[in-house]
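If you're matching them up, the sequences are chains D and G in order.
This note's numbering numbers the first residue of the first sequence as 1 and each following residue consecutively.
This note's numbering numbers the first residue of the second sequence as 536 and each following residue consecutively.
Cβ atoms here follow ideal geometry from the backbone N, Cα and C, with glycine treated the same way.
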Amino acid sequence: MTTIRIFLQQARRDRLTLPIWIVGTVLLLAVAGASVGQEYGDTAGRTSILTVALATPALLALRGIPHGASLGSAVHFQSFAFLAVTIGLMNIFLATRHGRADEEKGRRELVLAAPVSRLAAPVATLLLGLIANGIFVVLAIGGYLSAGVSLSGAVVSAVALGITGLAFLGLSMLAGELAETSRGANTIGVILVLGAYALRGAGDALGRPDVVKLTLQPAWPSWVSPIGWGQQTLAFTENRWWPVGLVAALAVVAVGVALRVHSRRELGASLLPERSGRAAALPTLRSPVGLAWRQQWPSLIAWAGGSALLGLVLGSFVAAFSKANIDSPQIQAVLQSLGHTDASDMGKTLITAVMVMVGAVAAAAGVQAVLRMRDEEVDGRLETVLASPRSRVGWLLSYTAVAAASVLIVLVATGVASAAGFAAVGQQSNAWLAMGSALVQAPAALSFVAATALFVGLLPRLAVTLGWAVFGILIGFGLFGGLLNLPKGWDKVSPIANVPALPTDDWVPTIVLGAIAVVATALGAMAMRRRDMST
Amino acid sequence: MVTLMSRVIEATGLVKKFGRTRALDGLDLSVKEGEVHGFLGPNGAGKSTTIRVLLGMLRANGGTATVFGSDPWRDAVGIHRNVAYVPGDVSLWPNLSGGETIDYLTRLRGGADPALRARLLKDFELDPKKRGRSYSKGNRQKVALVAAFARPARLYILDEPTSGLDPVMESVFRREIERVRNDGATVLLSSHILSEVEQLCDRVTIVRAGKAVETGALDELRHLTRTSFRVTTTATLAQVSKVAGVHDARMEAEHLAFDVDTDSLEPVLAALTQAGVTSLTVSPPSLEELFLRHYGDQFDAEPAA
Chain D
1 MTTIRIFLQQ
11 ARRDRLTLPI
21 WIVGTVLLLA
31 VAGASVGQEY
41 GDTAGRTSIL
51 TVALATPALL
61 ALRGIPHGAS
71 LGSAVHFQSF
81 AFLAVTIGLM
91 NIFLATRHGR
101 ADEEKGRREL
111 VLAAPVSRLA
121 APVATLLLGL
131 IANGIFVVLA
141 IGGYLSAGVS
151 LSGAVVSAVA
161 LGITGLAFLG
171 LSMLAGELAE
181 TSRGANTIGV
191 ILVLGAYALR
201 GAGDALGRPD
211 VVKLTLQPAW
221 PSWVSPIGWG
231 QQTLAFTENR
241 WWPVGLVAAL
251 AVVAVGVALR
261 VHSRRELGAS
271 LLPERSGRAA
281 ALPTLRSPVG
291 LAWRQQWPSL
301 IAWAGGSALL
311 GLVLGSFVAA
321 FSKANIDSPQ
331 IQAVLQSLGH
341 TDASDMGKTL
351 ITAVMVMVGA
361 VAAAAGVQAV
371 LRMRDEEVDG
381 RLETVLASPR
391 SRVGWLLSYT
401 AVAAASVLIV
411 LVATGVASAA
421 GFAAVGQQSN
431 AWLAMGSALV
441 QAPAALSFVA
451 ATALFVGLLP
461 RLAVTLGWAV
471 FGILIGFGLF
481 GGLLNLPKGW
491 DKVSPIANVP
501 ALPTDDWVPT
511 IVLGAIAVVA
521 TALGAMAMRR
531 RDMST
Chain G
536 MVTLMSRVIE
546 ATGLVKKFGR
556 TRALDGLDLS
566 VKEGEVHGFL
576 GPNGAGKSTT
586 IRVLLGMLRA
596 NGGTATVFGS
606 DPWRDAVGIH
616 RNVAYVPGDV
626 SLWPNLSGGE
636 TIDYLTRLRG
646 GADPALRARL
656 LKDFELDPKK
666 RGRSYSKGNR
676 QKVALVAAFA
686 RPARLYILDE
696 PTSGLDPVME
706 SVFRREIERV
716 RNDGATVLLS
726 SHILSEVEQL
736 CDRVTIVRAG
746 KAVETGALDE
756 LRHLTRTSFR
766 VTTTATLAQV
776 SKVAGVHDAR
786 MEAEHLAFDV
796 DTDSLEPVLA
806 ALTQAGVTSL
816 TVSPPSLEEL
826 FLRHYGDQFD
836 AEPAA
């Protein structure tokens, strides 16, 4: 009975979080299905795009293994690995939220002081996970069917996703037994999910393609990844169940070991104690800039690394595109619109379009870095810092400077990586174009940083919402404005729509964007000087 | 006369509004150079708001405040060169160790005295290698205290600094206050723990609902309150009750117990002597009583007292 009570309380805590994850993932699936159906509606179209995919290891690494040109199989190929990551992350955070996080914050102690067995809480979490993944499976079947694919394949693929979710739930429960902090448990869990995705990515990229049957025999790394097993169901064609059994066995073992360890472990104890920190600070930690950098660099590695990886594979994409000789005016039009260019060379258009997105990633890294200021202020640490002889203007400029540096580091890393990627496939001229196209995004990306800094100074309580809303709306408008059939020129309200496609002679918009960024930052600093601390 | 410059903190008629609520409603505060000044009041009285105005983090809507003779809003940086601060609710950077936090905060003021830092870590029994997120409330407070005391300052502003400390650590804290006082520093110590203020402070300001309701040396403040008597006497309860200045007269076993206004001590003593006394216990007014008079029901019941 107490287990049910704990379950109800956990479910109540998650009454918003879990529906958002589940519905969001199902929507992702439905959108992917619809877009495959629309863009490659006929077998000929799917055959040509799958042929390109099989010739492009980078694409296989991102997507998965194709298995024939049927619509269902194409949707499965496009979306299964992504969806497995999303549903895996949902389960990772679910297990930690009700596991190690409760223990760390002392909530578990309160519960265990009542007449409640030691295993009641983890069993309740397991129940919650079973129900959440069950609901997801039902909705995901509906999502597949909305794309007009067969029911039997939809059931296999959706169940495989749900069981993969449960496997990550078990692994995350186990991570919660190992790590001392919720942050540590989540880190282990996220590494496991992304590791599973990366392993099958490597295996699929190195696999043996069959261009006639449109199939792929993945290399061994795919066979050590639960996501790789799920792909082996070959849903919509073979509909194999035994790989689902493999994933289910992993789930059972992980949950079993986690519960066994949990029943013997003392409250608060952990198998991997947290590493202790430094007894004294490094010499660089002596100013708000030093601290902002110290806080930012770990996430900056993720932003810059991910973006640089995209840049690195761009060369092989463009090479495959030009080899496959795709001459589709539709694709060309989409790429031109994304890149805000009229260039007729497909490869150059692709570079411009991808770099606009890299600019958006850099801007996101910058906005995230600027908004650290609000964490500092809301949590009360700013108060302690400003009680020292440091001015609030200097403090705001320090964080803005670190955010600006983050933007530039993402762009430079991506530019260098893409140049290297093009050099590797022997396209020297595109190497320079890619490098330049990455760097020319800087003023537009920096204008988002500056706008967010202005919000922090002027409207602190709304800064987080405004910062991300303005980012989302303007990036969306800039990327897809051209596809929405809006009157010409409307998409120009977005900074990224004003980034020139190289080569160009018109540098006015770039200079204006840079000037706007400087002015917005200055206004933010002035506003910061005049306002109260605001939590 | 005391000149303005020997006042480290001088605030008159401070008003701070948050929307409709008046967190500060004409608050006066005056802290002399070299004194340990207690800033006493219940939660929500406006202590932390006052401190934030004095640190230039909030701008007062009315009244004037100076710290070291300067306006804290306009010259925050200059003032803070000589200030060490411990906030009421200490929040640390979750992934920085305690040692890193101490170094960062002291370096912002010019750097810690290494010997002092090492001694404080030892005295406060603080492990500097633990990360911010894993410290308990008391340990977070110790990190902030070590950061404040590890570099000498002219003014220490401490907002309820001992609320998470155990009695042993409280005595370590008191030792540090004595040390900086002997070095000539000024301390503004906000608290709702009366015994702490009683032990440490030269002067006290009591705040309630955004106003200073009393200020002065503890001895002066005690004149405002009553002295408790426990007497074995032949005088009857009715007789004693009649004497002006006697309150709450009651029988406790064999004894007669009552409280006396400080101005009425002489007539009460005279009346007792006349009746004859076999045993007598007189207790001085504690700060607790002082406090109760301002915040307890008594205060509301006798507004003109």
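Would residue i and residue j be called neighbours here (beta carbons separated by less than 8 Å)?
i: Leu690 (chain G); j: Val621 (chain G); result: no
i: Gly68 (chain D); j: Leu216 (chain D); result: no
i: Ala251 (chain D); j: Leu119 (chain D); result: no
i: Leu71 (chain D); j: Gly37 (chain D); result: yes
i: Gly745 (chain G); j: Leu593 (chain G); result: no
i: Trp608 (chain G); j: Gly597 (chain G); result: no
i: Pro663 (chain G); j: Gly634 (chain G); result: yes
i: Gly99 (chain D); j: Ala185 (chain D); result: yes
i: Asp563 (chain G); j: Thr547 (chain G); result: yes
i: Ala417 (chain D); j: Ala308 (chain D); result: yes
i: Leu723 (chain G); j: Leu735 (chain G); result: no
i: Leu562 (chain D); j: Val358 (chain D); result: Here chain D comprises residues numbered 1 to 535, so residue 562 (chain D) is not present and cannot be evaluated.
Answer with yes or no whether the minimum CB distance from residue i to chain G is below 8 Å.
i: Met355 (chain D); result: no
i: Pro389 (chain D); result: yes
i: Thr96 (chain D); result: no
i: Thr284 (chain D); result: no
i: Leu396 (chain D); result: no
i: Leu127 (chain D); result: no
i: Ala424 (chain D); result: no
i: Ala403 (chain D); result: no
i: Ala235 (chain D); result: no
i: Gly277 (chain D); result: yes
i: Ala280 (chain D); result: yes
Using C-beta distances below 7 Å, list every residue in its chain close to residue i, excluding the 5 sequence neighbours before and after it, in chain order.
i: Leu513 (chain D); result: Pro443, Ala444, Ser447, Pro495 and Asn498
i: Glu509 (chain G); result: One cannot answer for residue 509 (chain G) here, as it falls past the ends of chain G, which runs 536 to 840.
i: Glu376 (chain D); result: Leu382
i: Gln78 (chain D); result: Ala32, Val36 and Arg63
i: Asp718 (chain G); result: Pro687
Which residue wins for smallest C-alpha separation from residue i, given the options the options?
i: Leu589 (chain G); options: G:Ser565, G:Ala580 and G:Glu635; result: G:Ser565
i: Ala121 (chain D); options: D:Gly143, D:Leu16 and D:Ala95; result: D:Ala95
i: Arg668 (chain G); options: G:Ala650, G:Ala679 and G:Ser632; result: G:Ser632
i: Gly268 (chain D); options: D:Met526, D:Lys105 and D:Phe317; result: D:Lys105
i: Ser35 (chain D); options: D:Ala258, D:Arg260 and D:Gly148; result: D:Gly148
i: Ser182 (chain D); options: D:Ala44, D:Trp223, D:Gln428 and D:Pro273; result: D:Pro273
i: Thr352 (chain D); options: D:Gly366, D:Val318 and D:Thr535; result: D:Val318
i: Pro802 (chain G); options: G:Ser583, G:Arg666, G:Ala779 and G:Leu549; result: G:Ala779
i: Leu680 (chain G); options: G:Asp624, G:Arg666 and G:His572; result: G:Asp624
Does any CB atom of chain D fall closer than 8 Å to the CB of residue i?
i: Ser898 (chain G); result: Here chain G covers residues 536 to 840 and nothing more, so residue 898 (chain G) does not appear.
i: Asp796 (chain G); result: no
i: Tyr691 (chain G); result: no
i: Val612 (chain G); result: yes
i: Gly634 (chain G); result: yes
i: Asp638 (chain G); result: yes
i: Leu643 (chain G); result: yes
i: Pro607 (chain G); result: no
Against residue i, what residues of chain G qualify as contacts under a CB-to-CB distance less than 8 Å, listed in chain order?
i: Asp379 (chain D); result: Ser626
i: Glu274 (chain D); result: Arg666 and Ser669
i: Thr181 (chain D); result: Arg668 and Ser669
Ordered along the chain, which non-local residues of its own chain (more than five positions away) have a Cβ less than 6 Å from that of residue i?
i: Ala360 (chain D); result: Ile475
i: Pro243 (chain D); result: Trp229, Gln232 and Thr233
i: Met373 (chain D); result: Tyr399 and Val456
i: Gln336 (chain D); result: Thr349
i: Ala254 (chain D); result: Gly170, Leu171 and Leu174
i: Ile516 (chain D); result: Ser447
Would you mind telling me which residues of chain G sit closer than 7 Å to residue i, beta carbon to beta carbon, in chain order?
i: Glu109 (chain D); result: Result: empty, since nearest Cβ-Cβ is about 13 Å, beyond 7 Å.
Taking C-beta pairs closer than 9 Å, name the residues in chain D that residue i reaches, listed in chain order.
i: Arg587 (chain G); result: Glu383, Asp532 and Met533
i: Leu807 (chain G); result: In chain order: nothing, as chain D lies at least about 54 Å away.
i: Met592 (chain G); result: Leu382, Glu383, Leu386, Ala387, Arg392, Asp532 and Met533
At 9 Å on the CB atoms, spell out the chain G contacts of residue i, in chain order.
i: Leu178 (chain D); result: Neighbours of Leu178 (chain D) on chain G: none; closest Cβ ~16 Å, over 9 Å.
Can you pull the chain D residues whose beta carbon is under 8 Å from the beta carbon of residue i, in chain order?
i: Arg616 (chain G); result: Pro389
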